[in-house]
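Peer 1:
Numbering (this note's numbering), first residue to last: 20 to 158.
(1) What span of residues does the beta strand (DSSP E) with residue 64 cover, start to end?
(2) Using 8 Å as the threshold, is the stretch 139–148 in touch with the stretch 111–131, meaning 3 or more CB pairs across them?
(3) With a 10 Å radius around its C-beta and 16 neighbouring C-beta atoms as the bar for buried, classify residue 146 as buried or exposed.
(4) On the DSSP bridge assignment, give the partners of residue 15 in chain order.
(5) Alpha carbon to alpha carbon, how far is residue 116 from residue 45? Give it in angstroms, no decimals.
(6) With distances taken Cα to Cα, identify the nearest neighbour of residue 119 among 148, 106, 113, 107.
(7) Residue 127 lies in the alpha helix (DSSP H); which residues open and close that run?
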């Protein structure tokens, strides 16, 4: 027997072969329970996930400006990933065209709680505020 993967096996490994209805059901049930709770009025759920490494994306990832490089030396963004903001504060039926990255989530947390930025990467990231309606109570 050969340990070499066929072209089809390699494609499936890169494409991703997992069907995750259990994870989807968990997310839906958790969010629905949260919406029925007394905490919902103060919540923002950010649901983001990786779509099999972004092989489906036709847009090349943008590069990061030298002054915004993270301490780990990361020099570019990865493929675009979908994100959903679920909250009483989220704009309904809205698609943002602002370029965000994963540090945009950190930027929002820092803004909301008055926390200092960790580095230039999150300091210069776009805040998620474009997708939210006001007023948001800053804590």
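Yeah, the Cβ is synthetic: ideal placement off N, Cα and C, and Gly gets one too. Quick caveat: nothing in here was measured; it's all calculated off a predicted structure.
Peer 2: According to the structure shown:
(1) It spans 64–67 - the beta strand (DSSP E) in which residue 64 sits, taken as one unbroken run.
(2) Counting Cβ pairs under 8 Å, three or more are found: they touch.
(3) Buried, since its Cβ has 16 or more Cβ neighbours within 10 Å.
(4) The structure shown does not extend to residue 15, since the chain is modelled only from 20 through 158, so no value can be given for it.
(5) 29 Å
(6) Ranking 148, 106, 113, 107 by Cα distance to residue 119 puts 148 first.
(7) 121–132
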